[in-house]
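For reference, the structure discussed in these notes is given below.
Numbering (my numbering), first residue to last: 9 to 428.
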């Protein structure tokens, strides 16, 4: 509680104490009246005392007179004596009452004086407390002035800090754009590497196939000579065969040797058939290989197209999600992140939000109302990217309060008027 509130709270108490002091103080008018009554009682007492003396003298006189008077007057004098005695008793009782009233008034007066002194002491203590609080209030006011000055200085420095913050935000956005570009480039490189690996594997399989086919070839025996083994060339010998003149000379030499020999013409015809069949199979293989390469290129083109369209829609939905969540929560933030940026379709997407005045959380760690607002922001972002004429939403306001329900209803009314 601040000093101003304490002062405002103590002032009514001070007034109440002053009123109690005034109420407890003896009423002067009443005191004067009681003193007058006391004086009157004293006068009555003195009058009654003098009257009693007179009565006693009269009694003595009457007693003397009674002795002297005749017997027929005795009864009347006795009656008068009784009356005088009654009056005397009444005066005595009145005097006693007056004395009791005087003692009571004295006790009340003493109590009132004690109450007045006690209330005066309390009033003095309250005055000292008020003075101390006033001094403390002045000290706090001086401290408050210093705090206000510091606050004004901070407010003066706020625009510069905001500019720095905006510059940092712009830099972060630029880095994010660079990151997306690098991700796309990395994905393209990965696809090209996969294509090269596929080509290497394809040529490796061709080499193995032709090596297998070459291993099936054998040289037939010519005449009585035994069949010669088919020579296998080393890599060095293969490189040496790169000169066409050497190959031409070898062919001429072999043709000369063939003219000197008696070849088996049936073997040549069979060889031609085999060669024709081989060429047919090679043509079929080339046709199938070409068709496979076409399908593979089409597949890679479709993958690139799918990736590009997905990243375009992902960026649009992410930006709209951030905008929608900030509008629905009045200051929050939301983000869609790829679990595997190199292959977005392998691991999926992670949805994180930052409610107002809270830290970043994954959606499964949120409360019911926060989950509802996050899901609605994502649904509205998807609707912005690809509008749908009809939506079914079942009790989306179950976990929302009146404020958030009003915000969602206003957004639906303004932003998606063409949707049912």
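For glycine and all other residues, C-beta sits at the position ideal for the given N, C-alpha and C.
Assign residue 366 to one of three DSSP states: helix, strand, or coil.
Coil.
Put residue 404 into one of helix, strand or coil per three-state DSSP.
coil
Looking at the structure shown, is residue 45 part of a helix, part of a strand, or coil, going by DSSP?
Note: residue 45 maps to helix in three-state DSSP.
Enumerate in chain order the residues of its own chain whose CB-to-CB distance from residue 378 is below 6 Å, with the five nearest sequence positions on each side excluded.
Listed in chain order, the non-local C-beta contacts of residue 378 below 6 Å within the same chain comprise 363, local neighbours out to five positions each way being set aside.
Would you be able to state if there are at least three C-beta pairs under 8 Å between the stretch 173 to 192 and the stretch 335 to 344?
Under the 8 Å Cβ criterion, the stretch 335 to 344 does not count as touching the stretch 173 to 192, having fewer than three qualifying pairs.
Between the C-alpha atoms of residue 137 and residue 147, what's the straight-line distance to the nearest angstrom?
15 Å
Would you call the stretch 379 to 393 in contact with the stretch 403 to 416, where contact means no fewer than 3 C-beta pairs closer than 8 Å?
Contact between the stretch 379 to 393 and the stretch 403 to 416 is present: three or more C-beta pairs spanning the two stretches fall below 8 Å.
For residue 375, tell me which candidate among 40, 361, 208 has the shortest Cα-Cα distance.
361
Anticipated Cβ contact below 8 Å, residue 55 with residue 96, distance rounded:
That belief does not hold up - the Cβ atoms of residue 55 and residue 96 are roughly 13 Å apart, past 8 Å.
Cut-off 7 Å between Cβ atoms - residues of its own chain near residue 384, not counting five sequence neighbours on either side:
Cβ within range, chain order: 336, 404, 416.
What residue from 104, 66, 103 has the CA that sits closest to residue 88's CA?
The shortest C-alpha separation from residue 88 is found at 66.
Please classify residue 360: does DSSP put it in a helix, a strand, or coil?
strand
Just to confirm the assignment, what range does the beta strand (DSSP E) spanning residue 346 have?
Unbroken beta strand (DSSP E) run through residue 346: 341 to 346.
When we look at the beta-carbon of residue 42 and count the other beta-carbons within 10 Å, is it buried (16 or more) or exposed?
Classification of residue 42: buried, given that the 10 Å Cβ count is 16 or more.
Starting from the Cα of residue 70, find the closest Cα among 296, 144, 86 and give me that residue.
86
From 349, 317, 267, 302, pick the residue whose C-alpha is nearest to that of residue 190; which is it?
Checked all of 349, 317, 267, 302; the closest Cα to residue 190 is 349.
How should residue 195 be labelled, buried or exposed, when 16 other C-beta atoms within 10 angstroms of its C-beta is the threshold for buried?
buried
In terms of alpha-carbon separation, which member of 261, 359, 120 lies closest to residue 343?
359
Quick one: Cα of residue 162 to Cα of residue 144, how far?
27 Å
Segment contact, 8 Å Cβ cut-off, at least three pairs: the stretch 387 to 405 with the stretch 316 to 326:
In short, these stretches touch, since the Cβ pair count reaches three.
Assuming residue 463 and residue 386 are in contact, meaning their beta carbons sit under 8 Å apart, how far apart are those beta carbons, in whole angstroms?
The chain is shown only over 9 to 428; residue 463 falls outside these bounds and no answer can be derived.
Quick check on the burial criterion: 16 or more other C-beta atoms within 10 angstroms. Buried or exposed for residue 264?
Under this definition residue 264 is an exposed residue.
Would you tell me roughly how many angstroms separate the C-alpha atoms of residue 184 and residue 368, rounded to the nearest one?
18 Å
Nearest CA to the CA of residue 21: which residue from 174, 134, 268, 267?
For the residues 174, 134, 268, 267, the minimum Cα distance to residue 21 belongs to 134.
Residue 396, enclosing alpha helix (DSSP H) - first and last residue
No alpha helix (DSSP H) holds residue 396; DSSP gives it neither H nor E.
Close Cβ partners of residue 389 (< 7 Å) along its chain, the five nearest in sequence each way excluded
325, 328, 329, 332
DSSP on residue 260, reduced to helix/strand/coil?
In the structure shown, residue 260 sits in a helix (DSSP, three-state: H, G or I).
What separation, rounded to the nearest whole angstrom, lies between the Cα atoms of residue 354 and residue 209?
24 Å
Residue 159 to residue 130, Cα distance in whole Å?
42 Å
Compare the C-beta of residue 330 with all C-beta atoms of chain D and state if any pair is closer than 8 Å.
Chain labels in this structure do not include chain D; a single protein chain is all it has.
Return helix, strand or coil for residue 194, following the three-state DSSP convention.
Helix, per DSSP.
Find out if the Cβ-Cβ distance for the pair residue 124, residue 92 is shorter than 8 Å.
Cβ atoms of residue 124 and residue 92: not closer than 8 Å.
Closer than 6 Å by C-beta to residue 321: which residues in its own chain qualify, once you throw out the five before and the five after it? Chain order, please.
393
Tell me, to the nearest whole angstrom, how far the beta carbon of residue 304 is from that of residue 206; I am working on the premise that it is less than 8 Å.
7 Å
Quick one: using the 10 Å Cβ neighbour count with 16 as the cut-off for buried, is residue 413 buried or exposed?
exposed
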